[in-house]
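Peer 1: Sending over a structure as structure tokens; questions will come in a sec.
Protein chains in written order, with the numbering used here: chain A, 1 to 149; chain B, 150 to 299.
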């Protein structure tokens, strides 16, 4: 083999390594230079063919990626709009999403008013809506969350 | 023979070290009791309900009692979680449906604290909500004042 072949493929090897390879793969019978060149030309053609990727495949891959991302965004958006209504917290009398003293206060005002009290505000389940239910809601408001400390 | 004695002494010293470590340390830290007065300033709005949270930032403090405020509408003990006693964090709340409600600066509660050690305690107060007589949230300021050590 000629040294210029190594330069052609830009292979950086040590001289010792090249010598060892030559000794290992040296043909036992004499091979003409034209055969050697023909083998090298065929190998080069095959390598060129493998590395040639048509331009359209890049465009197709990009388009597929855009479609996949758009599909995911579309599905997520649909899930958001189809989401069930937020769960109403127990003791959240004023339905503001938090249980605090304002819930107890709202219930206390309702009990003291002449209007009929909503039976669903029977928070302690004793069948009557009274001061005990107000206390239940107020105690829920001040309860320390476990694991916070 | 000497070797046996040496090994025995080594083993005995290994056993005695953890025993010495587990001996209780003498209690030298001073314990004192002090009140902490909590005020709300609701400006011109009548204060019909409040809720706040108190945390200890520095010092070793345990809450040992909670009492109401100065205005008749809040003189009764407020709501709090009994689990907060013997702790350093508490949520306190109260309301009043009375027609006579405090406005401006008013003491809403007093906490009784047990303080251990010499580190001066520091607290963080956060007003969760304050409301007027119609149950509408109203802007207000919360503050505390350290009382005389008992």
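Just so you know, even glycine gets a beta-carbon here, dropped at the ideal spot from N, CA and C.
1) Check whether the Cβ atoms of residue 111/A and residue 137/A lie closer than 8 angstroms to each other.
2) Along the stretch 252-277 of chain B, where does the CB come closer than 7 angstroms to a CB of chain A? Name the residues.
3) Three or more beta-carbon pairs under 8 angstroms between the stretch 222-232 of chain B and the stretch 282-294 of chain B, yes or no?
4) If I follow the unbroken beta strand (DSSP E) through residue 207/B, where does it start and stop?
5) In angstroms with no decimal places, state the Cα-to-Cα distance between residue 326/B and residue 196/B.
6) Can you name, in chain order, every residue of its own chain whose Cβ lies under 8 angstroms from the Cβ of residue 91/A, other than the five neighbours on each side?
7) With DSSP as the reference, please indicate the residues paired to residue 190/B in a beta bridge.
8) Quick one: what's residue 210/B bridged to in DSSP?
9) Determine, using beta carbons only, whether residue 142/A comes closer than 8 angstroms to chain B.
10) For residue 222/B, I'd like the list of residues in its chain whose CB is within less than 6 angstroms of its CB, leaving aside the five on either flank, ordered along the chain.
11) Is there a Cβ from chain B that is less than 8 angstroms from the Cβ of residue 93/A?
12) Strictly by DSSP, which residues pair up with residue 276/B?
13) By Cβ distance, which residues of its chain are closer than 6 angstroms to residue 267/B, with the 5 residues on each side in sequence left out?
14) Can you give me the start and stop residues for the alpha helix (DSSP H) that residue 109/A sits inside?
15) My assumption, with CB atoms under 8 angstroms, is that residue 208/B sits in contact with residue 264/B. Please give the rounded CB distance.
16) Residue 295/B bridges to which residues according to DSSP?
17) By the 10 Å Cβ neighbour count, where 16 or more other Cβ atoms means buried, how is residue 25/A classified, buried or exposed?
18) Please tell me whether residue 101/A and residue 199/B are closer than 8 angstroms, where the distance is taken between their beta carbons.
19) Residues in the same chain with beta-carbon distance under 7 angstroms from residue 194/B, minus the five sequence neighbours each way, listed in chain order, please.
20) Please list the partners that residue 183/B has in chain A, where partner means a Cβ-to-Cβ separation under 9 angstroms.
21) Is there a Cβ of chain A sitting closer than 8 angstroms to that of residue 294/B, yes or no?
22) Name the chain A residues whose beta carbon is nearer than 8 angstroms to that of residue 241/B?
23) Are residue 299/B and residue 182/B closer than 8 angstroms when you measure CB to CB?
24) To the nearest angstrom, report how far apart residue 189/B and residue 97/A are at their CA atoms.
25) Residue 242/B lies in the alpha helix (DSSP H); which residues open and close that run?
26) Counting only beta-carbon atoms, is residue 147/A nearer than 8 angstroms to chain B?
27) Grouping DSSP H, G and I as helix and E and B as strand, with all else coil, what is residue 134/A?
Peer 2: Reading it off the structure:
1) In the first chain, residue 111/A corresponds to position 111, counting from 1. In the first chain, residue 137/A corresponds to position 137, counting from 1. Cβ atoms of residue 111/A and residue 137/A: not closer than 8 angstroms.
2) 277
3) no
4) Numbered from its first residue, the second chain carries residue 207/B at position 58. Run containing residue 207/B: 198-207, per the beta strand (DSSP E) assignment.
5) Shown here, chain B extends from 150 to 299; a query on residue 326/B therefore has no answer.
6) Your numbering for residue 91/A matches position 91 in the first chain. If we look at residue 91/A and ignore the five residues flanking it on each side, its Cβ neighbours are 99, 103, 123, 136, 137, 140, 141.
7) By 1-based counting over the second chain, the position of residue 190/B is 41. 254/B, 290/B, per the DSSP bridge assignment.
8) Here residue 210/B is taken as the residue at index 61 of the second chain, counted from 1. Looking at the DSSP assignment, residue 210/B forms a beta bridge with 264/B.
9) Residue numbering aside, residue 142/A sits at position 142 when the first chain is read from its first letter. Yes, its Cβ sits closer than 8 angstroms to a Cβ of chain B.
10) On the second chain, residue 222/B is found 73 positions in, with the first residue counted as 1. Hits under 6 angstroms: 245, 247, 250.
11) Your numbering for residue 93/A matches position 93 in the first chain. No, its Cβ sits nowhere closer than 8 angstroms to a Cβ of chain B.
12) Your numbering for residue 276/B matches position 127 in the second chain. For residue 276/B, which the question treats as bridged, DSSP gives the partners 201/B.
13) Position 118 of the second chain holds residue 267/B. Once the five neighbours on either side are set aside, residue 267/B has no close Cβ partner at all.
14) To locate residue 109/A, count along the first chain from 1; it is residue 109. It spans 101-112 - the alpha helix (DSSP H) in which residue 109/A sits, taken as one unbroken run.
15) Mapped onto the second chain, residue 208/B falls at position 59. Mapped onto the second chain, residue 264/B falls at position 115. Indeed, because the Cβ distance is near 6 angstroms, the residues count as touching under 8 angstroms.
16) Numbered from 1 along the second chain, position 146 holds the residue referred to as residue 295/B. According to DSSP, residue 295/B bridges with 185/B.
17) Position 25 of the first chain, counting from 1, holds the residue named residue 25/A. Counting Cβ neighbours within 10 Å, residue 25/A comes out exposed, since fewer than 16 surround it.
18) Residue mapping note: residue 101/A aligns to position 101 of the first chain, counting from 1. Residue mapping note: residue 199/B aligns to position 50 of the second chain, counting from 1. The answer is yes: Cβ separation under 8 angstroms.
19) For the purposes of this step, residue 194/B is identified with residue 45 of the second chain, where counting begins at 1. For residue 194/B, where only same-chain residues beyond five positions count, the Cβ hits under 7 angstroms are 252, 281, 287.
20) Within the second chain, numbered from 1, the residue matching residue 183/B stands at position 34. Here the premise fails: no neighbours, minimum Cβ distance about 22 angstroms.
21) Along the second chain, read from residue 1 onward, the residue named residue 294/B stands at position 145. No - not a single Cβ of chain A is within 8 angstroms of the one on residue 294/B.
22) In the second chain, the residue the question calls residue 241/B occupies position 92. Ordered by position in chain A, the residues that pass the 8 angstroms Cβ test against residue 241/B are 142.
23) Your numbering for residue 299/B matches position 150 in the second chain. Your numbering for residue 182/B matches position 33 in the second chain. Against a cut-off of 8 angstroms, the Cβ pair of residue 182/B and residue 299/B comes out as a contact.
24) Numbered from its first residue, the second chain carries residue 189/B at position 40. Numbered from its first residue, the first chain carries residue 97/A at position 97. Distance between the alpha carbons of residue 189/B and residue 97/A is about 25 angstroms.
25) Counted from its first residue, the second chain places residue 242/B at position 93. It is not in any alpha helix (DSSP H) - residue 242/B instead sits in the beta strand (DSSP E) that spans 238-244.
26) On the first chain, residue 147/A is found 147 positions in, with the first residue counted as 1. Note that residue 147/A has pLDDT 39, beneath the 50 cutoff, so the model's placement of it is unreliable and no number is given.
27) Against the first chain, residue 134/A aligns to sequence position 134. Helix.
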